[in-house]
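Read through the structure below, which is laid out as structure tokens, and then see the notes.
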Amino acid sequence: AQSVTQPDIHITVSEGASLELRCNYSYGATPYLFWYVQSPGQGLQLLLKYFSGDTLVQGIKGFEAEFKRSQSSFNLRKPSVHWSDAAEYFCAVVLSGGYQKVTFGTGTKLQVIP
Amino acid sequence: KAGVTQTPRYLIKTRGQQVTLSCSPISGHRSVSWYQQTPGQGLQFLFEYFSETQRNKGNFPGRFSGRQFSNSRSEMNVSTLELGDSALYLCASSADIYEEQYFGPGTRLTVT
Chain A
87 AQSVTQPDIH ITVSEGASLE LRCNYSYGAT PYLFWYVQSP GQGLQLLLKY
137 FSGDTLVQGI KGFEAEFKRS QSSFNLRKPS VHWSDAAEYF CAVVLSGGYQ
187 KVTFGTGTKL QVIP
Chain B
11 KAGVTQTPRY LIKTRGQQVT LSCSPISGHR SVSWYQQTPG QGLQFLFEYF
61 SETQRNKGNF PGRFSGRQFS NSRSEMNVST LELGDSALYL CASSADIYEE
111 QYFGPGTRLT VT
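Protein chains in written order, with my numbering: chain A, 87 to 200; chain B, 11 to 122.
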């Protein structure tokens with residue numbers, strides 16, 4: 087069965103430090119990949135997505151993610167974290183072909199300290 | 011363009027009761043998905059509707075059901091509520107399942 091793993095439940099970084107959130111998936115083929123952010127009291131918002139092509143994708147709010155087929159990973163990065171980035175981040179995957187469902191990871195909660 | 015709306019925003023029900031939640035997608039979106047969000051479990055997929063047809067269903071008991079109307083508005087129903095059904099229920103709409111999903115604010119259901 088398809089699965090998405092976000093191994094880090096909680097991450098704390100200092101403001102201005104770099105950030106990397108991990109996401110691994112288990113599928114036979116390359117899926118469609120997404121990162122969403124859920125800020126406190128707000129709905130989920132798409133940060134970026136990967137369908138095909140360049141494996142480094144740019145998103146909103148200065149985030150980027152790199153698809154690595156050999157590692158079945160789609161890690162989210164940001165070079166310099168801002169206090170407003172404190173939120174919960176979800177990786178999501180959809181298989182291609184047919185009627186598929188979106189599978190979300192369990193999320194990584196990011197805390198930013200001054 | 012108006013966003014995804016969900017009603018009601020908050021609900022308190024008693025065990026054994028049933029509940030109906032409503033979702034109005036973004037205009038033009040034909041795909042509506044429902045998720046259950048609980049702490050530590052992330053978002054658990056309930057079902058997805060496209061043009062009034064259920065295309066996919068998650069691993070939830072038959073007490074959870076849904077439907078979609080011709081105007082793409084969707085409802086989900088939970089019968090015989092259990093304490094474990096307490097959660098945030100999120101609705102998301104998209105042009106299709108492979109496209110960006112736009113989420114509503116959710117309905118917070120508390121079962122006592």
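Just so you know, even glycine gets a beta-carbon here, dropped at the ideal spot from N, CA and C.
Report the CB separation of B:E110 from A:L132 in whole angstroms; it is logged as a contact under 8 angstroms. In this structure B:E110 is in contact with A:L132, their Cβ atoms being roughly 5 angstroms apart against a cut-off of 8 angstroms.
When burial is assigned at 16 or more other CB atoms within 10 Å of the CB, is A:A178 buried or exposed? Buried.
Closer than 7 angstroms by beta-carbon distance: list the chain B residues that pair up with A:G193, in chain order. Going along chain B in sequence order, the residues near A:G193 (Cβ under 7 angstroms) are G52.
Alpha carbon to alpha carbon, what distance is there between B:R73 and A:G139? Taking the straight line from one Cα to the other gives about 42 angstroms.
Rounded to whole angstroms, what is the Cα-Cα separation between A:W121 and A:F153? Taking C-alpha positions only, A:W121 is separated from A:F153 by approximately 12 angstroms.
To the nearest angstrom, report how far apart B:E62 and A:H168 are at their CA atoms. Taking the straight line joining both Cα atoms gives about 42 angstroms.
What does the Cβ neighbour count give for B:I22, buried or exposed, with the cut at 16 atoms within 10 Å? B:I22 should be labelled exposed.
When DSSP labels each residue in this structure, what does A:Q244 get in the three-state scheme? Residue 244 of chain A lies beyond the stretch modelled for chain A, which goes from 87 to 200, so this question has no answer here.
Ignoring anything shorter than 3 residues or poking outside the segment 168–192 of chain A, list the beta strand (DSSP E) runs there in chain order. Taken in chain order, the complete beta strand (DSSP E) segments of 3 residues or longer contained in the segment 168–192 of chain A are 173–180, 188–190.
At 3 residues or longer, and completely inside the segment 111–156 of chain A: list those beta strand (DSSP E) runs for me, N to C. Counting whole runs of 3 or more residues, the segment 111–156 of chain A contains the beta strand (DSSP E) stretches 118–124, 130–136, 142–144, 150–154.
In the DSSP assignment, find the unbroken beta strand (DSSP E) run with A:H96 in it and report its ends. Segment 96–100, the beta strand (DSSP E) holding A:H96.
Give a yes or no on whether the minimum CB-CB distance between B:Y108 and chain A is below 7 angstroms. Taking Cβ atoms only, chain A reaches closer than 7 angstroms to B:Y108, which makes this a yes.
Closest residue to B:T120 among B:Q27, B:G13, B:V14 (Cα-Cα distance): Considering only alpha carbons, the answer is B:Q27.
Is the segment 29–46 of chain B in contact with the segment 140–159 of chain A, if contact means three or more CB pairs nearer than 8 angstroms? Taking one beta carbon from each stretch, the segment 29–46 of chain B and the segment 140–159 of chain A have fewer than 3 pairs nearer than 8 angstroms; the two do not touch.
Please list the residues of the segment 71–95 of chain B that have a C-beta atom closer than 9 angstroms to any C-beta atom in chain A, keeping them in chain order. The segment 71–95 of chain B vs chain A, Cβ under 9 angstroms: nothing.
Cβ-based burial, A:K147 [other Cβ within 10 Å; buried from 16]: Burial call: exposed.
Please confirm if B:P115 has its CB atom under 7 angstroms from at least one CB of chain A. Closer than 7 angstroms to the CB of B:P115 there is at least one CB belonging to chain A.
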